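Engineer: Please read through the structure below; I'll follow up with questions.
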Amino acid sequence: MKRRNLIAGLGAAGALAACSRTPSADCAQSSTNTTSKAETLEWKMYTTWPKNFPGLGTAAAFLAEKITAMSDGRLTVKVYGAGERVPALETFDAVSRGSAEMGHCAAYYWKGKSPAAPFFTSVPFGLTGQEMNGWLYFGGGLELWRELYANFNLVPFEAGNTGTQMGGWFNREINSLADLKGLKMRIPGLGGDVMQRLGVTTVNIPGGELFTSLQSGAIDATEWVGPYNDLAFGLYKAAKYYYYPGWQEPGPTLECIINKDAWDSLPADLQAIVSQACQATGSQMLAEYAARNQQALESLVNDHGVELRAFPDEVLAAIRDASEQVLKELVAEDAFSRKVYDSYQTYREQVRQASALAERAYLNARN
Ligand code: CA
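This is the structure in structure tokens:
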């Protein structure tokens, strides 16, 4: 409750600050849409990625450029990489209190704010990228996301997706469940919780330290993203086996979060531009990963001798069972998380059947 009061107070202060820049007549009527069409705005975007990191940082740059271009410079956005103004994982709080107007990040980093947060990025054995967009835009997901983030004075948008990730890099083969026992793996989030149940010692290491950790033997395995990003980090030099599928992140959504006072102060046309620029970033990124993953995979296998391996059925089945338990326990004590989980699960069950008849059947036939 204290937090809500604090946020309400900040909201009022934010509206006040916006009013002080604009004609008083508009402000007397409403605290929203206080920016006139003649006014130009400069927004800051904090991100959880290194600046211009392939695919992730470049998506944030794309979003900023599109907003600036489509608004003809009425709203310019300056991007800050992780750590430039605040540490990566303080982006959420910084945008919530208005230190920056926008952030480009991933909701599962904010599990500590709400156990429901990971559902808006990716959960083990959850939705693929395209299915995720279906849930967000047509299955009630975005409304639930907005309802959750309203508690934090934020408005969230879908603004990116890496597509299905890979299972990760292993320095030894995984032939049975016994091979997981005692393995030391970097796998953050819910995927890590799942692996722990199967006897894996999990650690969370920032992306930039993965290569040295794997090469020095500090860890035996790591997941990162997929061929495009994993090739860039040179992970193939430190581990021989590249496992699939990426059950832990089957289609992670990236988010653009906007401070609610900043959002409310935008005229309707700039709101439409920001909203559409986010959606354009989402489809652009999914397309980019589809193309670049394929090129990178070819290079990993043909130029670098990487050995591809599928997780054995027995291992995947155990991971799937553990995943269901982790999700159920995650939402057990929080009513809103239960509501999100129910919506997500209902949609997943429906789309699972449709995807099996369409994409899966077709892909099997093509192969
Ligand atoms: Ca990952």
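Numbering-wise, the sequence shown is residues 0 to 366 according to numbering that gives the first Met the number 0. Each residue gets a CB set at the ideal place from its N, CA and C atoms; glycine is no exception. If you're wondering where the values come from, they're calculated on a predicted model, not measured in any experiment.
Just to confirm, are alanine 58 and threonine 280 a CB contact at a threshold of 8 Å?
Structural biologist: Counted from its first residue, the sequence shown places residue 58 at position 59. Counted from its first residue, the sequence shown places residue 280 at position 281. Taking 8 Å as the Cβ cut-off, alanine 58 and threonine 280 qualify as a contacting pair.
Engineer: Using C-beta distances below 7 Å, list every residue in its chain close to arginine 145, excluding the 5 sequence neighbours before and after it, in chain order.
Structural biologist: Looking up residue 145 in the sequence shown gives position 146. Excluding residues within five positions, the ones whose Cβ falls inside 7 Å are Val154, Pro155.
Engineer: DSSP on methionine 184, reduced to helix/strand/coil?
Structural biologist: Position 185 of the sequence shown holds residue 184. Looking at methionine 184 - three-state DSSP - the assignment turns out to be strand.
Engineer: At the level of alpha carbons, what is the spacing between arginine 20 and tryptophan 262?
Structural biologist: Taking the sequence shown and counting its residues from 1, one reaches residue 20 at position 21. Taking the sequence shown and counting its residues from 1, one reaches residue 262 at position 263. Unreliable positioning characterises arginine 20 in this predicted model, as indicated by a pLDDT of 34, which lies under 50. A coordinate reading is not provided.
Engineer: Between lysine 166 and proline 249, which are expected to be in contact by the criterion C-beta below 8 Å, what is the C-beta distance as a whole number of angstroms?
Structural biologist: As a position in the sequence shown, residue 166 is number 167, starting the count at 1. As a position in the sequence shown, residue 249 is number 250, starting the count at 1. Checking the sequence shown, residue 166 turns out to be glycine, not lysine. That belief does not hold up - the Cβ atoms of glycine 166 and proline 249 are roughly 11 Å apart, past 8 Å.
Engineer: Is it true that the CB of glycine 54 sits closer than 8 Å to the CB of tyrosine 235?
Structural biologist: The count along the sequence shown starts at 1 and reaches residue 235 at position 236. The count along the sequence shown starts at 1 and reaches residue 54 at position 55. Contact flag unset, no.
Engineer: May I ask you to list the residues that DSSP assigns as paired with leucine 40?
Structural biologist: Numbered from 1 along the sequence shown, position 41 holds the residue referred to as residue 40. Note: leucine 40 sits in a beta bridge opposite Leu74.
Engineer: Could you spell out the range, first to last residue, of the alpha helix (DSSP H) harbouring leucine 372?
Structural biologist: It is not possible to answer for residue 372, since the shown part of the chain is limited to 0 through 366.
Engineer: Any idea what DSSP makes of serine 29, helix, strand or coil?
Structural biologist: Counting from one through the sequence shown, the residue named residue 29 turns up at place 30. Bear in mind that the predicted position of serine 29 carries a pLDDT of just 39, short of 50, making it unreliable; the figure below should be weighed with that in mind. In the structure shown, serine 29 sits in coil (DSSP, three-state: anything other than H, G, I, E or B).
Engineer: Is methionine 101 helix, strand or coil by DSSP?
Structural biologist: Reading the sequence shown from its first residue, position 102 is the one you call residue 101. Correct three-state label for methionine 101: strand.
Engineer: Short check: CB of valine 193 to CB of valine 339, under 8 Å?
Structural biologist: As a first step, residue 193 must be located in the sequence shown, where it is residue number 194. As a first step, residue 339 must be located in the sequence shown, where it is residue number 340. Result no, Cβ atoms of valine 193 and valine 339 do not sit closer than 8 Å.
Engineer: Comparing C-alpha positions only, which one of Gly72, Lys112, Leu285 sits nearest to threonine 252?
Structural biologist: Locating residue 252 in the sequence shown gives position 253, where the first residue counts as 1. Answer by Cα proximity: Leu285.
Engineer: Rounded to the nearest angstrom, what separates alanine 316 and aspartate 333 at their Cα positions?
Structural biologist: Position 317 of the sequence shown holds residue 316. Position 334 of the sequence shown holds residue 333. Straight-line Cα distance between these residues: approximately 28 Å.
Engineer: Within the present structure, is the beta-carbon of glutamate 222 separated from the nearest heavy atom of ligand 1 by less than 7 Å?
Structural biologist: As a first step, residue 222 must be located in the sequence shown, where it is residue number 223. Correct: glutamate 222 has its Cβ closer than 7 Å to ligand 1.
Engineer: Look at the alpha carbon of isoleucine 256 and the alpha carbon of tryptophan 42, and state the distance between them as a whole number of angstroms.
Structural biologist: For this step, residue 256 is matched to residue 257 along the sequence shown. For this step, residue 42 is matched to residue 43 along the sequence shown. Each residue's Cα considered, the two are about 12 Å apart.
Engineer: Answer yes or no: do asparagine 160 and glycine 206 have a C-beta to C-beta separation smaller than 8 Å?
Structural biologist: For the purposes of this step, residue 160 is taken as residue 161 along the sequence shown, with counting starting at 1. For the purposes of this step, residue 206 is taken as residue 207 along the sequence shown, with counting starting at 1. For asparagine 160 and glycine 206, no; Cβs fall outside 8 Å.
Engineer: Whose C-alpha, out of Tyr108, Gly82, Glu38, is nearest the C-alpha of glutamate 254?
Structural biologist: Residue 254 sits at position 255 when you count from the first residue of the sequence shown. Comparing Cα-Cα distances from glutamate 254 to each of Tyr108, Gly82, Glu38, the minimum goes to Tyr108.
Engineer: Comparing C-alpha positions only, which one of Thr46, Phe335, Ala177 sits nearest to glycine 102?
Structural biologist: Locating residue 102 in the sequence shown gives position 103, where the first residue counts as 1. Of the candidates Thr46, Phe335, Ala177, the one whose C-alpha sits nearest the C-alpha of glycine 102 is Thr46.
Engineer: If you count every other CB in all the chains shown that lies within 10 Å of the CB of phenylalanine 91, and 16 or more means buried, which is it?
Structural biologist: Position 92 of the sequence shown, counted from the start, is the residue given in the question as residue 91. Buried, since its Cβ has 16 or more Cβ neighbours within 10 Å.
Engineer: When we look at the beta-carbon of serine 113 and count the other beta-carbons within 10 Å, is it buried (16 or more) or exposed?
Structural biologist: Counted from its first residue, the sequence shown places residue 113 at position 114. Classification of serine 113: buried, given that the 10 Å Cβ count is 16 or more.
Engineer: Which residues in the same chain as valine 76 place their Cβ atom closer than 7 Å to its Cβ, once the five residues preceding and following it in sequence are excluded?
Structural biologist: For the purposes of this step, residue 76 is identified with residue 77 of the sequence shown, where counting begins at 1. So the qualifying residues of the chain are Trp42, Met44, Ala63, Ile66, Thr67, Met101.
Engineer: Consult DSSP for asparagine 160 and reduce its assignment to one of helix, strand or coil.
Structural biologist: Along the sequence shown, read from residue 1 onward, the residue named residue 160 stands at position 161. It is a strand residue.
Engineer: Between which two residues does the alpha helix (DSSP H) harbouring isoleucine 66 extend?
Structural biologist: Indexing the sequence shown from 1 puts residue 66 at position 67. Element bounds for isoleucine 66: 56 to 69.
Engineer: Just to check, is the beta-carbon of glutamate 208 closer than 7 Å to a non-hydrogen atom of ligand 1?
Structural biologist: Here residue 208 refers to the residue found at position 209 when the sequence shown is read from its first residue. Because no heavy atom of ligand 1 lies under 7 Å away, the Cβ of glutamate 208 does not count as near it: no.
Engineer: Could you have a look at threonine 120 and say whether DSSP puts it in helix, strand or coil?
Structural biologist: As a first step, residue 120 must be located in the sequence shown, where it is residue number 121. Three-state DSSP puts threonine 120 in coil, outside helix and strand.
Engineer: Can you confirm whether the region 216 to 231 touches the region 168 to 183 when touching is taken to mean that 3 or more C-beta pairs between the two stretches lie within less than 8 Å?
Structural biologist: The region 168 to 183 vs the region 216 to 231: in contact.
Engineer: Would you call the CB atoms of tryptophan 134 and tyrosine 346 closer than 8 Å?
Structural biologist: Here the question's residue 134 lines up with position 135 in the sequence shown. Here the question's residue 346 lines up with position 347 in the sequence shown. Closer than 8 Å, so yes.
Engineer: Return the chain-ordered list of same chain residues with a C-beta closer than 8 Å to the C-beta of glutamine 275, the five sequence neighbours on each side being excluded.
Structural biologist: Mapped onto the sequence shown, residue 275 falls at position 276. Excluding positions up to five away in sequence, the list reads Met69.
Engineer: What does the Cβ neighbour count give for glycine 304, buried or exposed, with the cut at 16 atoms within 10 Å?
Structural biologist: On the sequence shown, position 305 is the one that residue 304 refers to. Glycine 304 is exposed by the Cβ-count criterion.
Engineer: What residue range does the beta strand (DSSP E) around asparagine 258 cover?
Structural biologist: Here residue 258 refers to the residue found at position 259 when the sequence shown is read from its first residue. Run containing asparagine 258: 252 to 258, per the beta strand (DSSP E) assignment.
Engineer: Check whether the Cβ atoms of cysteine 277 and glutamate 358 sit closer than 8 Å, and answer yes or no.
Structural biologist: Locating residue 277 in the sequence shown gives position 278, where the first residue counts as 1. Locating residue 358 in the sequence shown gives position 359, where the first residue counts as 1. No, the pair does not count as a contact, with Cβ atoms beyond the cut-off.
Engineer: Helix, strand or coil for tryptophan 168, going by three-state DSSP, please let me know.
Structural biologist: Translated into positions along the sequence shown, residue 168 becomes position 169. Of the three classes helix, strand and coil, the one that applies to tryptophan 168 here is strand, per DSSP.
Engineer: Measuring alpha carbon to alpha carbon, tell me which residue in Ser336, Ala290, Ile318 is nearest glycine 162.
Structural biologist: Residue 162 sits at position 163 when you count from the first residue of the sequence shown. Nearest of Ser336, Ala290, Ile318 to glycine 162, Cα basis: Ala290.
Engineer: Proline 49 and tryptophan 246 - do their beta-carbons sit closer together than 8 Å?
Structural biologist: Taking the sequence shown and counting its residues from 1, one reaches residue 246 at position 247. Taking the sequence shown and counting its residues from 1, one reaches residue 49 at position 50. No, they are not a contact pair.
Engineer: Taking DSSP as the reference, what is the three-state secondary structure of threonine 200?
Structural biologist: What you label residue 200 is simply residue 201 of the sequence shown in a count that begins at 1. Three-state DSSP puts threonine 200 in a strand.
Engineer: Thinking C-beta only, is arginine 308 closer than 8 Å to tyrosine 361?
Structural biologist: Here residue 361 refers to the residue found at position 362 of the sequence shown. Here residue 308 refers to the residue found at position 309 of the sequence shown. No, they are not a contact pair.
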